[in-house]
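Engineer: To start, I am sharing the structure in question, which I have written as C-alpha cells.
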Amino acid sequence: MKQLALITGASSGIGKALAYEAAAQQIDLILVARNGSKLIEAKIELERRFGISVDVIVKDLSNPEAAKDLYQEITSKGLQVNMLVNNAGVGLYGEFVDTPLETELSMIDLNVSSLVVLTKLFAIDMKKRGEGRIMNVASLLSYLPFPYYSVYSATKAFVLAFTETVGAELEGTGVIVTSICPGPVDTNFTTAEMLGTNAYKTNKPVEASFVAKVAIRHLLHGKGNKVIGFNNWFISNLPRVTPDSIMVKIKKSLASQVKQKE
Ligand SMILES: NC(=O)c1ccc[n+]([C@@H]2O[C@H](COP(=O)([O-])OP(=O)(O)OC[C@H]3O[C@@H](n4cnc5c(N)ncnc54)[C@H](OP(=O)(O)O)[C@@H]3O)[C@@H](O)[C@H]2O)c1
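Start counting the sequence shown at 6; every next residue gets the next number (this note's numbering).
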C-alpha cells in the first residue's frame, strides 16, 4: 500500500534532503514550512522526478496552535499519515545573557511544543490503526549540551528524552517512535559565527544528503535513537567516561571562537 509521510521544515537543509530520499522510496509526501515558494519548487521537482504525489502546507510552527491547525487540515482532507518526521527547528548561538529572550521562547515553541503537539495528535491515530512511524530530529547536542547553545541544547535534550519515553510507551502497538542525532550539517542553520568555533573546525559539517540517507533508512527500518556518523557516535559517548567538570571545560573550549593568530 502507498505510504504517506509528513515532513516539517522541508523547504531547505535536512528536511528537503529527507523529502528527496523519501521520494526515491516512492513515498507520497506532505511538506511543511513557512516558505511556500520553496515548498512548491520542491513539489514540482519531486513529482516530476519520482512520480509521487506531494502536498504542500505553509505553516509557522513557532505557534503550537499552528501545529494543531496543521493536523486538522490534513485529517479534514481525508489524508492518512503513515510517517511523521518532526524536523523543523532553529538554533541560536551566543551568550545566554546577551541573546534575545523572544527568539529563545519562539525556539522552544518550534523545537519542543509543536513537536509534542504533532507527535501526540498523529500518535493517537497511529495507535488506533496499529501502524505508523514517527521520527524526531534531535542533535549531537542532545547528549552534549554546549555552552553558548544553552536553550537550543536544552530543546534537543528534550527531544531525545521525549522520543525515548513515548517510544517505550508505544512499544508493541505497531507505532515506532525514533530519533536521529546529526552532528554539524552544512545547511542554513550554520551561521558564520558557528563556523568560527573550534567545534566546527575539528568536526566539519557533512552534506544534508548524507544525513538524509541514513535518516530515511532509520525511519523505515530503525528503532530507538541513531547518532549519525561514527565520529559523532564516539563524541556522544565521551560524557560516559569523562568527569562532568572536565567535559564542561572541553565543551566550552569547543564552542568558543577560534583564536586568531596575531
Ligand atoms: N545543521 C546542523 O548542523 C544540525 C545539526 C543537528 C540537528 N539539526 C536539526 O536539523 C533540523 C533541520 O535543520 P537544518 O540544519 O536543515 O536547517 P535549515 O536548513 O535552516 O532548515 C530548517 C527548516 O525548518 C523550517 N522552519 C524554521 N522555522 C520554522 C517555523 N517557524 N515554522 C515552520 N518551519 C520552520 C525552515 O523552513 P522555513 O524557513 O521555510 O520555515 C527549514 O525548512 C533542525 O531541527 C535542527 O535543529 C541541524
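Even glycine gets a Cβ: it sits at the ideal position worked out from N, Cα and C.
(1) In terms of residue numbering, what span does the beta strand (DSSP E) encompassing V232 cover?
(2) Going by DSSP, which residues form a beta bridge with L11?
(3) Are N236 and N203 closer than 8 Å when you measure CB to CB?
(4) Taking M88 and R54 to be in contact with their CB atoms under 8 Å, please state how far apart those CB atoms are, rounded to whole angstroms.
(5) When you compare only the Cα positions, how much space is there between V182 and S144?
(6) Does the distance between the C-beta of N193 and the nearest non-hydrogen atom of ligand 1 fall short of 7 Å?
(7) N141 lies in the beta strand (DSSP E); which residues open and close that run?
(8) Answer yes if the stretch 113-128 comes into contact with the stretch 62-80, meaning at least three C-beta pairs across the two stretches below 8 Å, and no otherwise.
(9) Check whether the Cβ of G18 lies closer than 7 Å to any heavy atom of ligand 1, and answer yes or no.
(10) Assuming V90 contacts L175 (C-beta within less than 8 Å), just tell me the rounded distance between them.
(11) Would you mind reading off the limits of the beta strand (DSSP E) that contains S42?
(12) Determine contact between the stretch 45-61 and the stretch 98-118, defined as no fewer than three beta-carbon pairs at a distance below 8 Å.
(13) Just list the beta strand (DSSP E) runs in the stretch 148-192, keeping only unbroken ones of 3 residues or longer that don't cross its boundaries, in chain order.
(14) Are the CB atoms of V37 and A15 within a distance shorter than 8 Å?
(15) Ligand 1 heavy atoms versus the CB of H67: any closer than 7 Å?
Structural biologist: Inspection of the coordinates gives the following:
(1) 230-232
(2) I35, L89
(3) no
(4) That pair is no contact at about 20 Å.
(5) Cα atoms of V182 and S144: separation of roughly 16 Å, rounded to the nearest angstrom.
(6) yes
(7) Segment 137-142, the beta strand (DSSP E) holding N141.
(8) yes
(9) yes
(10) With a Cβ gap of about 16 Å, V90 and L175 do not count as contacting.
(11) Where S42 is concerned, there is no enclosing beta strand (DSSP E), although the alpha helix (DSSP H) it sits in stretches over 41-55.
(12) no
(13) 180-186
(14) yes
(15) Position check: residue 67 holds Ser in this sequence, whereas His was assumed. Flag set: Cβ of S67 near ligand 1.
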